[in-house]
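Working notes, beginning with the structure itself.
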Ligand SMILES: [Zn+2]
């Protein structure tokens, strides 16, 4: 198993030598910067956004070093790499985890896991008529959530545990390629305390990071399954209910967005905030990526938008330089803005 | 009034543990009480039970946030819902709510830093507090090993609350510290209940080993042979992790590290695994043990030397709560005292840091001297640790009335640091003397706490002829089960009460 390596190889391929290797590190860490958020969109890497916030720079560097030593990647220029043919082969032999969906779920997966583990603990102790036990989750919001959710569930209390059991098996059966061990042994219940991530990685003889990815993978898989089929999982679907992604804007972009909605011009905002105009432009690109109701007509004439989109399609590239050469009257800012707003649609 | 009946009704116990009944009776007689009870005797019962008799609120001041949370949760689990903890864990909304409906609570836990806030004092003044409890009361004294500047103001606060009936609780305090507690809280008449600090079922054993390598070997050997479960204490997180890894890799037992640097989730799991006998040995720093109620711990090993006899006593006191024979082993190799000395120095701001701070001219910008609030950024810029900063903040933000100038304040802080360092070094020296003792270790320890109870204990300590072999397990057992259950079995066991028989 070499999931992290596969993901890095895949990302390098997608980035197509246009970014340094650290953009992958920031992507996996879910760094809230305009650049990283744009890259995730631009290079179709949204599914990996924020899936490994535990990854340290040190470990990341080590992995890159190893990939170089094994000749799976080669150096293009400083801090920029690309897979070799054996790298491609490696990727083929170690396919990506298919259910990852970092962009949609990374903020919510911790909360989802906290809900799941507390629900199981409560249901299990209930099944054994035990009322005195130490809750494994300290997050108060999760306790409040469970308290109110238990009232809403239409399952009688003494059938709850077996219902959860049936639903879990049903959910796992949806994807035969998954190994539920990476999740199940971490669950706590009556007289049985779950393992920590580190302990389970050891038990399954995995490296911690590979284990971690497998865990995130199964969590994302469950979230997606419950989101799509709420009726099939009358109890478990509550775990997903009401998990709402807060928008991804960086603090600074949030301020810009507030001023923008009050009708200030870009120049004026730059003045008020004592920032460079280019920084405010970066914020706008980020806003275009995240906020659907944000219209870019004011900054790019609709005809020009069309032209940029068509050029980007025909050039088969997201490289700004290429597009700029074809649509000379557009500024870089305008091209970035259009790609941010419509990038996904233009490319799918 | 039958105290035993209340004990049964509210706590489900039939008998009081040592000292508990004396403390409760003293309080119900309206006497201020200083209680020194050994660790693991259920100190919290001493204020909970009176709470069911006395009208009005019970206010409990406790310095350790995590312990406070544990106590509150435990009370709630046992059905007492009228309990609240006012500390920095609360969100603004929760704090507002709690303060608004303060009269609805019977038991109010509060951290000393919250007592700095005038509004909170005001709210507390509107209550009728029938019992003022100071937990870990040794923190009041400069001579105590865990002095907290916040605690030295508790006398004032008690005064502001109308001098309510007071209970000061501690597990370990020398006579000097006990005297400080009484003075600082301004208790003019106090009943002292000092049960013996001795735990007769815990054997004391010190072993000298030539160097670190042999110490490691020896720990591995002891871990294999001793009756488990047990705790091995370390002063460093790294060393604790390293040892846990070795115990696992060499398949000696089911082990795990535990320290403050770990994620909270993992800490809870490991604590619970240990309590549920899924782990045999915890390799821990002093962060482990508070609030862990496990009766059958058979040994406590100290890999590093503790910083004072008080904490040593606390830590070994986690063994043998079931009253069965248990052993405390301290491994010493030459030069071991250097580590605690370094640690105690690092807990105090250095002279360079103090100089640097007072060279910052913007320390008191726009304010009268002595009314400033230290900017939080200074902490980072000056490279102050959490502990160091707590001291600086307390001394600078609330300087005593008689401080005349910044220079004077600086000298005071330097004096304070020097004093604390001396006190800490003296503690380490006492600990070292205990290690080097050629006479009974138990006697030495009891004399240190002016404990005059004289019971004869056998087996007592290595100086009195205690040998280690009786503490070994009879058959060497290895807990690595060969029959692994599948994830499905695991899930069935969790969620289906009759699942296994099916
Ligand atoms: Zn002795």
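Residue numbers (this note's numbering), protein chains in the order written: chain C, 1 to 348; chain V, 1001 to 1502.
Each residue gets a CB set at the ideal place from its N, CA and C atoms; glycine is no exception.
Source: prediction; values computed, not measured.
### Message
Is residue 1463 of chain V near ligand 1 - that is, is its Cβ less than 7 Å away from at least one heavy atom of it?
### Response
Here residue 1463 of chain V is taken as the residue at index 463 of the second chain, counted from 1. Yes, ligand 1 has a heavy atom inside 7 Å of this Cβ.
### Message
For a minimum of 3 consecutive residues, which ranges assigned as the beta strand (DSSP E) are wholly contained in the segment 33-85 of chain C?
### Response
73-77 and 80-83
### Query
By a C-beta neighbour count over all protein chains shown, 10 Å radius and 16 as the cutoff for buried, is residue 53 of chain C buried or exposed?
As a position in the first chain, residue 53 of chain C is number 53, starting the count at 1. Exposed, by the Cβ-count rule.
### Message
Could you tell me the alpha carbon to alpha carbon distance between residue 171 of chain C and residue 297 of chain C, rounded to whole angstroms?
### Response
As a first step, residue 171 of chain C is located in the first chain; it is residue number 171 there, counting from the start. As a first step, residue 297 of chain C is located in the first chain; it is residue number 297 there, counting from the start. The straight-line gap from Cα to Cα measures roughly 44 Å.
### Query
Would you call the CB atoms of residue 1064 of chain V and residue 1136 of chain V closer than 8 Å?
Here residue 1064 of chain V refers to the residue found at position 64 when the second chain is read from its first residue. Here residue 1136 of chain V refers to the residue found at position 136 when the second chain is read from its first residue. For residue 1064 of chain V and residue 1136 of chain V, yes; Cβs fall inside 8 Å.
### Message
Helix, strand or coil, according to DSSP, for residue 1057 of chain V in the structure here?
### Response
Reading the second chain from its first residue, position 57 is the one you call residue 1057 of chain V. It is a strand residue.
### Query
In terms of alpha-carbon separation, which member of V:1075, V:1026 and V:1039 lies closest to residue 1011 of chain V?
On the second chain, residue 1011 of chain V is found 11 positions in, with the first residue counted as 1. Cα-wise, what sits closest to residue 1011 of chain V is V:1075.
### Task
Buried or exposed for residue 1474 of chain V, please, with buried defined as at least 16 other CB atoms from any protein chain shown within 10 angstroms of its CB.
Numbered from 1 along the second chain, position 474 holds the residue referred to as residue 1474 of chain V. So residue 1474 of chain V ends up on the exposed side.
#### Entry: 8 Å Cβ cutoff met for residue 1307 of chain V and residue 1343 of chain V
Residue mapping note: residue 1307 of chain V aligns to position 307 of the second chain, counting from 1. Residue mapping note: residue 1343 of chain V aligns to position 343 of the second chain, counting from 1. Contact flag set, yes.
### Query
From residue 1310 of chain V to residue 1138 of chain V, what distance separates their C-alpha atoms?
By one-based count along the second chain, residue 1310 of chain V stands at place 310. By one-based count along the second chain, residue 1138 of chain V stands at place 138. Straight-line Cα distance between these residues: approximately 10 Å.
### Which listed residue (C:26, C:214 and C:61) has its alpha carbon closest to that of residue 97 of chain C
Translated into positions along the first chain, residue 97 of chain C becomes position 97. Nearest option by C-alpha distance: C:214.
### Task
Report yes or no: is there a C-beta of chain C within less than 8 Å of the C-beta of residue 1276 of chain V?
The sequence position of residue 1276 of chain V within the second chain is 276, counting from 1. Yes, contact with chain C.
### Message
Can you look up residue 1326 of chain V in the DSSP assignment and give me helix, strand or coil?
### Response
Indexing the second chain from 1 puts residue 1326 of chain V at position 326. Three-state result, residue 1326 of chain V: strand.
### Task
Leaving aside the five residues before and after residue 1186 of chain V along the sequence, list all residues of the same chain whose C-beta is less than 8 Å from its C-beta, in chain order.
The sequence position of residue 1186 of chain V within the second chain is 186, counting from 1. 1155, 1158, 1159 and 1163, listed in sequence order.
### Separation of residue 132 of chain C from residue 1195 of chain V, as counted between CA atoms
Position 195 of the second chain, counted from the start, is the residue given in the question as residue 1195 of chain V. Position 132 of the first chain, counted from the start, is the residue given in the question as residue 132 of chain C. One C-alpha to the other measures close to 31 Å.
### Message
Taking beta-carbon pairs under 7 Å, can you tell me which members of the segment 102-133 of chain C lie near chain V?
### Response
So the close ones are 120, 123, 124, 127, 128 and 132.
### Query
By the criterion of Cβ-Cβ separation under 9 Å, what are the contact partners of residue 165 of chain C in chain V?
Walking along the first chain from the start, residue 165 of chain C turns up at place 165. Going along chain V in sequence order, the residues near residue 165 of chain C (Cβ under 9 Å) are 1491, 1492, 1494, 1495, 1496 and 1499.
### Task
Return the chain-ordered list of same chain residues with a C-beta closer than 7 Å to the C-beta of residue 145 of chain C, the five sequence neighbours on each side being excluded.
For the purposes of this step, residue 145 of chain C is taken as the residue at position 145 of the first chain. Taken in chain order, the residues that qualify are 115.
### Reference residue 1305 of chain V; option with closest CA among V:1253, V:1341, V:1109 and V:1141
Along the second chain, one-based indexing puts residue 1305 of chain V at 305. Considering only alpha carbons, the answer is V:1341.
#### Entry: Span of the beta strand (DSSP E), counted from its first residue to its last, around residue 1258 of chain V
As a first step, residue 1258 of chain V must be located in the second chain, where it is residue number 258. Residue 1258 of chain V: member of the beta strand (DSSP E) spanning 1255-1258, first to last residue.
### Message
Count Cβ pairs between the segment 204-219 of chain C and the segment 143-160 of chain C that sit closer than 8 Å; are there 3 or more?
### Response
no
### Query
Under 8 Å between the Cβ atoms of residue 256 of chain C and residue 32 of chain C?
Numbered from 1 along the first chain, position 256 holds the residue referred to as residue 256 of chain C. Numbered from 1 along the first chain, position 32 holds the residue referred to as residue 32 of chain C. Not closer than 8 Å, so no.
### Message
Considering Cα atoms alone, identify which of V:1177, V:1183 and V:1094 is closest to residue 1166 of chain V.
### Response
What you label residue 1166 of chain V is simply residue 166 of the second chain in a count that begins at 1. It is V:1183.
#### Entry: Local Cβ density within 10 Å of residue 292 of chain C, reported as buried at 16 or more and exposed below that
The sequence position of residue 292 of chain C within the first chain is 292, counting from 1. Answer is exposed; the Cβ neighbour count stays below 16.
### Beta carbon proximity, residue 1272 of chain V to chain C, threshold 8 Å
Here residue 1272 of chain V refers to the residue found at position 272 of the second chain. Yes, contact with chain C.
### Task
Identify whether residue 1299 of chain V lies in helix, strand or coil by the three-state DSSP scheme.
Indexing the second chain from 1 puts residue 1299 of chain V at position 299. Looking at residue 1299 of chain V - three-state DSSP - the assignment turns out to be strand.
### Task
Counting only the same chain and skipping the five closest in sequence on each side, list residues whose C-beta sits under 7 Å from that of residue 16 of chain C.
Residue 16 of chain C sits at position 16 when you count from the first residue of the first chain. Within the same chain, residue 16 of chain C has no close Cβ partners at all.
### Other residues of its chain near residue 163 of chain C: CB distance less than 7 Å, five sequence neighbours each side excluded
Numbered from 1 along the first chain, position 163 holds the residue referred to as residue 163 of chain C. For residue 163 of chain C, where only same-chain residues beyond five positions count, the Cβ hits under 7 Å are 155 and 235.
### Message
Can you tell me which residues form a DSSP beta bridge with residue 1170 of chain V?
### Response
Walking along the second chain from the start, residue 1170 of chain V turns up at place 170. Note: residue 1170 of chain V sits in a beta bridge opposite V:1036.
### Query
Is the Cβ-Cβ distance between residue 1429 of chain V and residue 1395 of chain V less than 8 Å?
On the second chain, residue 1429 of chain V is found 429 positions in, with the first residue counted as 1. On the second chain, residue 1395 of chain V is found 395 positions in, with the first residue counted as 1. The answer is no: Cβ separation not under 8 Å.
### Query
Using the C-alpha atoms, what's the distance from residue 1231 of chain V back to residue 1264 of chain V?
As a first step, residue 1264 of chain V is located in the second chain; it is residue number 264 there, counting from the start. As a first step, residue 1231 of chain V is located in the second chain; it is residue number 231 there, counting from the start. Distance between the alpha carbons of residue 1264 of chain V and residue 1231 of chain V: 19 Å.
### Query
Using DSSP with H/G/I as helix, E/B as strand and the rest coil, what is residue 1139 of chain V?
Locating residue 1139 of chain V in the second chain gives position 139, counting from the first residue. Reduced to three states, the DSSP call for residue 1139 of chain V is helix.
### Message
Using the three-state DSSP reduction, which class does residue 1485 of chain V fall into: helix, strand or coil?
### Response
The residue given as residue 1485 of chain V occupies position 485 in the second chain. Coil.
### Query
Cβ of residue 1441 of chain V within 7 Å of any heavy atom in ligand 1?
Looking up residue 1441 of chain V in the second chain gives position 441. Checking the Cβ of residue 1441 of chain V against ligand 1 gives yes.
### Query
Across which residues does DSSP place residue 192 of chain C in a beta bridge pair?
Indexing the first chain from 1 puts residue 192 of chain C at position 192. DSSP lists C:189 as the bridge partner or partners of residue 192 of chain C.
### Task
Kindly list, in the order they appear in chain V, the residues whose Cβ is closer than 7 Å to that of residue 185 of chain C.
Taking the first residue of the first chain as 1, we reach residue 185 of chain C at position 185. By Cβ distance, chain V contributes 1487 and 1490.
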